[in-house]
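Peer 1: Structure provided below as structure tokens; questions to follow.
There are 2 protein chains.
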Amino acid sequence: VVPRREAPAPASGDVRGRGFPERASLEAASAWLDAQPAALGREAVPLDQAAGRVLAAPPIAPVGLPALDLCLADGHAVRAAEVLGASAYDPARLRLVAPGQPVPSGAASRVALGQPLPAGADAVLPFELAQASDGVLEVAAGVAEGAGVERASGQVAAGAALPGLTGPLRRQDLALLRALGLATLDVIRRPRVRLLIAGPRPAAAGPTGSDAPPELDGPLLRHLVERDGGLLLPAPIPGPAGFAEALVQALRTAGDDLLLVAGRTGTGLDDDAPVLLAAEGRLALHGISLRPGGSTALGLAGRPVVLLPGEPLACLFAYELLAGRLVRRLGGRDPGLPHPTREAVAGRKLVSAVGVADVSLVRLVAGQVEPVAAPGEGGLAAAARADGFVLVPAALEGFAPGARVTVHLQEG
Amino acid sequence: VVPRREAPAPASGDVRGRGFPERASLEAASAWLDAQPAALGREAVPLDQAAGRVLAAPPIAPVGLPALDLCLADGHAVRAAEVLGASAYDPARLRLVAPGQPVPSGAASRVALGQPLPAGADAVLPFELAQASDGVLEVAAGVAEGAGVERASGQVAAGAALPGLTGPLRRQDLALLRALGLATLDVIRRPRVRLLIAGPRPAAAGPTGSDAPPELDGPLLRHLVERDGGLLLPAPIPGPAGFAEALVQALRTAGDDLLLVAGRTGTGLDDDAPVLLAAEGRLALHGISLRPGGSTALGLAGRPVVLLPGEPLACLFAYELLAGRLVRRLGGRDPGLPHPTREAVAGRKLVSAVGVADVSLVRLVAGQVEPVAAPGEGGLAAAARADGFVLVPAALEGFAPGARVTVHLQEG
Numbered sequence: 230v231v232p233r234r235e236a237p238a239p240a241s242g243d244v245r246g247r248g249f250p251e252r253a254s255l256e257a258a259s260a261w262l263d264a265q266p267a268a269l270g271r272e273a274v275p276l277d278q279a280a281g282r283v284l285a286a287p288p289i290a291p292v293g294l295p296a297l298d299l300c301l302a303d304g305h306a307v308r309a310a311e312v313l314g315a316s317a318y319d320p321a322r323l324r325l326v327a328p329g330q331p332v333p334s335g336a337a338s339r340v341a342l343g344q345p346l347p348a349g350a351d352a353v354l355p356f357e358l359a360q361a362s363d364g365v366l367e368v369a370a371g372v373a374e375g376a377g378v379e380r381a382s383g384q385v386a387a388g389a390a391l392p393g394l395t396g397p398l399r400r401q402d403l404a405l406l407r408a409l410g411l412a413t414l415d416v417i418r419r420p421r422v423r424l425l426i427a428g429p430r431p432a433a434a435g436p437t438g439s440d441a442p443p444e445l446d447g448p449l450l451r452h453l454v455e456r457d458g459g460l461l462l463p464a465p466i467p468g469p470a471g472f473a474e475a476l477v478q479a480l481r482t483a484g485d486d487l488l489l490v491a492g493r494t495g496t497g498l499d500d501d502a503p504v505l506l507a508a509e510g511r512l513a514l515h516g517i518s519l520r521p522g523g524s525t526a527l528g529l530a531g532r533p534v535v536l537l538p539g540e541p542l543a544c545l546f547a548y549e550l551l552a553g554r555l556v557r558r559l560g561g562r563d564p565g566l567p568h569p570t571r572e573a574v575a576g577r578k579l580v581s582a583v584g585v586a587d588v589s590l591v592r593l594v595a596g597q598v599e600p601v602a603a604p605g606e607g608g609l610a611a612a613a614r615a616d617g618f619v620l621v622p623a624a625l626e627g628f629a630p631g632a633r634v635t636v637h638l639q640e641g
Numbered sequence: 230v231v232p233r234r235e236a237p238a239p240a241s242g243d244v245r246g247r248g249f250p251e252r253a254s255l256e257a258a259s260a261w262l263d264a265q266p267a268a269l270g271r272e273a274v275p276l277d278q279a280a281g282r283v284l285a286a287p288p289i290a291p292v293g294l295p296a297l298d299l300c301l302a303d304g305h306a307v308r309a310a311e312v313l314g315a316s317a318y319d320p321a322r323l324r325l326v327a328p329g330q331p332v333p334s335g336a337a338s339r340v341a342l343g344q345p346l347p348a349g350a351d352a353v354l355p356f357e358l359a360q361a362s363d364g365v366l367e368v369a370a371g372v373a374e375g376a377g378v379e380r381a382s383g384q385v386a387a388g389a390a391l392p393g394l395t396g397p398l399r400r401q402d403l404a405l406l407r408a409l410g411l412a413t414l415d416v417i418r419r420p421r422v423r424l425l426i427a428g429p430r431p432a433a434a435g436p437t438g439s440d441a442p443p444e445l446d447g448p449l450l451r452h453l454v455e456r457d458g459g460l461l462l463p464a465p466i467p468g469p470a471g472f473a474e475a476l477v478q479a480l481r482t483a484g485d486d487l488l489l490v491a492g493r494t495g496t497g498l499d500d501d502a503p504v505l506l507a508a509e510g511r512l513a514l515h516g517i518s519l520r521p522g523g524s525t526a527l528g529l530a531g532r533p534v535v536l537l538p539g540e541p542l543a544c545l546f547a548y549e550l551l552a553g554r555l556v557r558r559l560g561g562r563d564p565g566l567p568h569p570t571r572e573a574v575a576g577r578k579l580v581s582a583v584g585v586a587d588v589s590l591v592r593l594v595a596g597q598v599e600p601v602a603a604p605g606e607g608g609l610a611a612a613a614r615a616d617g618f619v620l621v622p623a624a625l626e627g628f629a630p631g632a633r634v635t636v637h638l639q640e641g
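Protein sequence lines, in the order shown, are assigned to chains A and B.
Position one of the first sequence corresponds to residue 230 (our numbering), numbered consecutively onward.
Position one of the second sequence corresponds to residue 230 (our numbering), numbered consecutively onward.
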């Protein structure tokens with residue numbers, strides 16, 4: 230099933246043993262990804278499994294919230310007009326009726342936060358402002374009509390569309406939907422992401438120099454795809470000899486919305502992933518002016534295919550900046566970088582090459598941004614020291630000290 | 230096993246049916262929590278289960294990273310001095326030796342990114358800069374010694390303590406530790422948090438006004454405790470009649486580092502949680518100048534106990550600002566609020582009462598901060614509309630338009 234090497238040359242040519250004749254800009258690659266159709270269906274999920282999911286449409290409140298006038302405090306339900314002007318020197322005296330009963334004129338009843346307001350009452354007086362004894366309540370202060378009361382439909386009217394629930398559902402969003410009595414939600418289907426990892430080259434060196442190096446891309450990508458709401462369809466790691474066959478099989482297998490491949494995208498003689506994609510489908514672009522991550526390839530084989538570099542940091546940032554756009558957009562999320570950001574001032578120069586979008590790993594020291602390594606250098610040790618990264622656009626040769634930059638914070 | 234109501238009065242007195250005579254400041258409550266001992270043990274966990282865990286001590290690199298000089302590019306390994314001054318017009322000619330073999334004088338060999346640098350070579354020339362044919366490499370450009378090479382121990386020296394890994398472990402941190410060949414990590418034990426939820430009052434109203442209201446605190450608290458690294462020991466929801474007995478049993482049960490209770494902390498006659506804590510252990514303080522969350526109580530019963538209000542937003546923010554401090558600190562994390570923050574300008578006044586620390590729910594509109602409701606108002610619908618919250622200190626009567634404020638972003 231492995232195509233012969235004489236397969237039609239990809240758009241950018243076969244770079245193996247030669248190098249990249251040219252590279253696409255990060256903007257062009259992003260635009261290609263953003264132009265892919267993204268019309269996943271919807272599905273109903275139980276409310277308690279909907280954290281992080283994205284609603285397919287604003288839900289309609291089946292009832293008002295609250296459904297009845299509710300007490301917002303522990304205390305006594307009264308008629309405000311009957312305690313007007315009351316004070317410690319001239320208290321109003323009300324007859325206490327049993328809790329839960331209507332409050333007639335001249336009366337009050339004990340209530341607790343969250344209970345329905347008794348009929349007849351229009352305000353709740355906190356316990357602090359009255360003294361009960363022998364069935365009589367001495368009220369030491371006036372209270373405005375509606376004080377301590379939450380009116381029926383005060384939060385949400387029955388039949389209203391609930392606004393503001395456009396992103397991944399947070400716990401407080403789910404609490405609102407649960408309070409409205411909704412049991413299932415109509416959400417966008419999770420994008421199915423098939424993941425094929427080439428694994429380290431057999432001749433590459435492991436920690437002790439003689440053993441095989443550990444496989445690092447799989448744990449990174451599984452985490453990132455899940456963070457972005459994707460549903461993983463992992464393929465077994467084929468080993469170096471079986472990679473080409475495994476990739477062709479994955480390219481020909483239906484049932485996913487995106488195929489992600491890590492490894493075999495560079496200029497080495499065994500970097501055959503782009504050639505195989507060109508043979509089986511369409512290689513749209515290979516080589517991006519991005520560091521790290523410059524050997525990324527994009528294409529189609531019945532659905533979008535992203536070929537990520539195998540080097541772990543290149544794999545990580547090619548996912549964040551490119552593949553992740555599609556995962557996020559397919560799932561109804563904002564395609565942009567998902568990290569919390571912080572605007573801060575560069576305390577030292579962030580160096581970068583003109584013509585290349587550089588990921589500058591940085592840390593925040595006393596509120597200022599400092600690089601932990603030059604772009605593409607420092608490896609995983611630099612990434613572990615970094616609080617996040619600054620993306621330096623291709624048009625700039627870095628940021629000078631004192632420049633305001635946006636740090637994308639990589640949180641735990 | 231339920232103590233009688235004549236139990237010793239708590240520090241702040243029994244507030245049921247009377248109200249709070251005074252309240253502790255948020256700072257005093259935080260200081261009490263921060264003064265509790267926090268010396269959890271450590272445990273060894275497999276690397277692939279360590280995401281989000283906190284290291285007990287900086288790990289020592291068992292080997293250098295990389296262990297050998299490695300190639301940082303696909304191309305040809307050369308001796309830099311032998312291609313000095315080479316150009317397209319005056320190329321250097323080198324003999325190609327088999328990949329993986331040492332590179333003698335006058336020779337070069339093909340290499341791939343991540344492979345060990347062949348003995349004898351001191352630089353890697355990308356494929357773009359040379360042309361191979363018939364066993365001869367024509368080199369069209371010079372290269373500096375060390376270019377395209379990552380020196381052994383360049384990232385981390387063998388025996389060095391790894392700095393910067395002080396927070397919850399991120400995926401890139403784990404990738405570094407995995408690359409060093411570490412299989413298990415020495416981490417701080419997760420704090421065990423016993424969770425007892427009182428559940429809604431039977432007389433409170435559900436979505437349709439007649440049914441029982443849904444239980445909202447459990448899903449919120451389970452998520453928050455897990456977010457903060459806690460290990461949940463949930464207790465069954467006892468129902469209103471069984472709450473007192475369930476609380477006494479939980480107070481007397483060992484095996485957790487913190488007991489969290491939600492509900493029955495207010496001034497209603499059935500708000501017996503603080504009284505039961507005072508009878509079984511020690512009630513340190515009850516009533517905090519915090520809105521929402523003012524009926525929170527703190528105390529001890531062999532270990533810290535936090536009694537949270539049952540109203541969902543009060544429960545949420547009392548956890549975030551108080552109970553969560555202890556969960557985070559017990560687990561070796563920063564006890565402060567864990568949300569990403571953004572500094573922004575108030576576009577409208579954020580109102581607040583002097584003397585009360587107010588949680589102002591806000592959204593960001595065109596980069597400016599706007600309140601979605603007055604403090605303590607708007608309920609879950611306001612929380613769902615909010616991007617986050619601003620904490621207005623007790624000393625302030627709010628923030629005027631134009632003031633710079635810190636928004637704690639509640640992400641999905």
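For glycine and all other residues, C-beta sits at the position ideal for the given N, C-alpha and C.
The structure displayed is predicted, hence computed values, not measured ones.
Within a Cβ cutoff of 7 angstroms, which residues of the same chain sit near A279 of chain A, ignoring the five residues on either side of it in sequence?
Peer 2: L398, L403, L414, V416, listed in sequence order.
Peer 1: Quick check on the DSSP output: what are the complete alpha helix (DSSP H) runs of length 4 or more inside the region 389-447 of chain A, in order along the chain?
Peer 2: You should have 400-408.
Peer 1: For the pair the region 518-526 of chain A and the region 540-551 of chain A, tell me if three or more CB-CB distances fall below 8 angstroms.
Peer 2: The region 518-526 of chain A vs the region 540-551 of chain A: in contact.
Peer 1: Return no unless some Cβ of chain B is closer than 8 angstroms to the Cβ of A408 of chain A.
Peer 2: A408 of chain A counts as touching chain B.
Peer 1: For a quick check, are the C-beta atoms of L346 of chain A and D298 of chain A less than 8 angstroms apart?
Peer 2: In this structure, D298 of chain A lies closer than 8 angstroms to L346 of chain A by Cβ.
Peer 1: Quick one: Cα of P239 of chain A to Cα of L536 of chain A, how far?
Peer 2: Per-residue confidence for P239 of chain A stands at a pLDDT of 44, beneath the threshold of 50, marking its modelled position as unreliable; no derived number is given.
Peer 1: Does the contact criterion of 3 or more C-beta pairs under 8 angstroms hold for the region 456-473 of chain B versus the region 435-447 of chain A?
Peer 2: Verdict: no, contact absent.
Peer 1: Beta carbon of G560 of chain B, beta carbon of G531 of chain B: below 8 angstroms?
Peer 2: Contact: no.
Peer 1: Taking its Cβ as the centre, do 16 or more other Cβ atoms sit within 10 Å of L313 of chain B, making it buried, or is it exposed?
Peer 2: With fewer than 16 Cβ atoms within 10 Å of its Cβ, L313 of chain B is classed as exposed.
Peer 1: Would you say T525 of chain A faces chain B, with C-beta separation under 8 angstroms as the test?
Peer 2: It does not: the Cβ of T525 of chain A has no partner Cβ on chain B nearer than 8 angstroms.
Peer 1: Using the beta-carbon count (16 or more within 10 Å), is G364 of chain A buried or exposed?
Peer 2: Looking at its Cβ environment, which holds fewer than 16 other Cβ atoms inside 10 Å, G364 of chain A is exposed.
Peer 1: So, does the CB of V636 of chain A fall closer than 8 angstroms to a CB anywhere in chain B?
Peer 2: Not an interface residue.
Peer 1: Using only the alpha-carbon positions, how far apart do G608 of chain B and E444 of chain A sit?
Peer 2: Cα to Cα, the separation comes out at about 48 angstroms.
Peer 1: Which residues of chain A have a Cβ atom closer than 9 angstroms to the Cβ of Q401 of chain B, listed in chain order?
Peer 2: In chain order: L449, P541, L542, L545, L609, A612, A613, A615, Q639.
Peer 1: Under a Cβ-count criterion, where at least 16 other Cβ atoms within 10 Å of its own Cβ denotes burial, should L498 of chain A be classed as buried or exposed?
Peer 2: By the neighbour-count rule (16 or more Cβ atoms within 10 Å), L498 of chain A is not buried but exposed.
Peer 1: Measuring CA to CA, which of A:R271, A:A369, A:G335, A:G270 is closest to D319 of chain A?
Peer 2: Nearest of A:R271, A:A369, A:G335, A:G270 to D319 of chain A, Cα basis: A:A369.
Peer 1: A373 of chain B to V307 of chain B, Cα distance in whole Å?
Peer 2: The alpha-carbon atoms of A373 of chain B and V307 of chain B are separated by roughly 10 angstroms.
Peer 1: Taking 8 angstroms as the CB-CB limit, is T496 of chain B close to chain A?
Peer 2: At least one chain A Cβ lies under 8 angstroms of T496 of chain B.
Peer 1: Between the region 582-590 of chain A and the region 618-633 of chain A, do at least 3 Cβ pairs fall closer than 8 angstroms?
Peer 2: Cβ pair count under 8 angstroms is three or more, so yes.
Peer 1: Can you have a look at D446 of chain B and say buried or exposed, based on whether 16 or more other CB atoms are within 10 angstroms of its CB?
Peer 2: Looking at its Cβ environment, which holds 16 or more other Cβ atoms inside 10 Å, D446 of chain B is buried.
Peer 1: Is F187 of chain B close to chain A, meaning its C-beta is less than 8 angstroms from at least one C-beta of that chain?
Peer 2: Outside the shown range of chain B (230 to 641) lies residue 187 of chain B, about which nothing can therefore be said.
Peer 1: Which residues, taken in chain order from the region 373-393 of chain B, show a beta carbon closer than 9 angstroms to some beta carbon of chain A?
Peer 2: Here the close residues are E379, A381, G383, Q384, V385, L391, P392, G393.
Peer 1: Since D587 of chain B is in the alpha helix (DSSP H), which residue starts that stretch and which ends it?
Peer 2: No alpha helix (DSSP H) holds D587 of chain B; the beta strand (DSSP E) holding it covers 586-594.
Peer 1: Between the region 469-478 of chain B and the region 405-412 of chain B, can you find at least three pairs of beta-carbon atoms closer than 8 angstroms?
Peer 2: No: the two stretches stay apart, fewer than three of their Cβ pairs being nearer than 8 angstroms.
Peer 1: Along chain A, in chain order, which residues have C-beta atoms closer than 8 angstroms to that of G435 of chain B?
Peer 2: A296, G410, listed in chain order.
Peer 1: Sort out for me which residues DSSP pairs I517 of chain B with in a bridge.
Peer 2: I517 of chain B pairs with B:A253.
Peer 1: Comparing alpha-carbon positions, which option in B:F356, B:A361, B:A491 lies nearest R423 of chain B?
Peer 2: Residue B:A491 is the option with its Cα nearest to R423 of chain B.
Peer 1: Quick one: what's got a C-beta closer than 8 angstroms to P333 of chain A's C-beta in the same chain, skipping five residues either side?
Peer 2: So the qualifying residues of the chain are V326, G349.
Peer 1: Could you check whether the Cβ of A404 of chain A sits closer than 8 angstroms to any Cβ belonging to chain B?
Peer 2: By this cut-off, A404 of chain A is an interface position.
Peer 1: Can you find a CB in chain B that lies within less than 8 angstroms of the CB of R430 of chain A?
Peer 2: Judged by the 8 angstroms Cβ criterion, R430 of chain A is in contact with chain B.
Peer 1: Would you mind listing the beta strand (DSSP E) stretches within the region 471-516 of chain B that are 3+ residues and don't spill past its ends, in chain order?
Peer 2: Complete beta strand (DSSP E) runs here, min 3: 487-491, 511-515.
Peer 1: Of all Cβ atoms in chain B, is any one closer than 8 angstroms to the Cβ of V580 of chain A?
Peer 2: No, V580 of chain A does not count as interfacial toward chain B.
Peer 1: Whole angstroms is fine: what's the gap from Q597 of chain A's alpha carbon to V580 of chain B's?
Peer 2: Taking the straight line joining both Cα atoms gives about 32 angstroms.
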